[in-house]
Amino acid sequence: MAPDDKDHTFATRFRIPRRMWEAYGTAADRQGIDRSADLLDHVRSFIKQHGNDHELAELAAAEQELAERRARKGGRPRKETTA
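Sequential numbering of the sequence shown, starting at 174, is according to our numbering.
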């Protein structure tokens, strides 16, 4: 799939044992934490701790993009689950 220049957040793939991923999911659920948000928090923390000036600037720009996306009205509607 070709990257979309308008899509600044993207789904990425990484390898992790299924049992570990599922355990992470159930532990996160039990704590009331969303896995995606928890991973983003980890990435932010890692960059803040270990990033160089360029990486910290990229983090700041990415945070600005996220803030702008969240501030917009009329975005893509949430998918409705059908039972």
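Just so it is clear, CB atoms sit at the ideal spot from N, CA and C, and this is done for glycine as well.
Quick check on residue i: does DSSP put it in helix, strand or coil?
| i | result |
| --- | --- |
| ALA184 | coil |
| ASP192 | The residue asked about is misnamed: residue 192 is Arg in this sequence, not Asp. Helix at ARG192. |
| ASP207 | coil |
| ARG217 | helix |
| GLY198 | helix |
| ARG243 | helix |
Would you decide whether residue i is buried or exposed? Buried here means 16 or more other CB atoms lie within 10 Å of its CB.
| i | result |
| --- | --- |
| MET174 | Note that MET174 scores a pLDDT of 42, beneath 50, so its modelled location is shaky; the value from the coordinates is reported in the next line. That one is exposed. |
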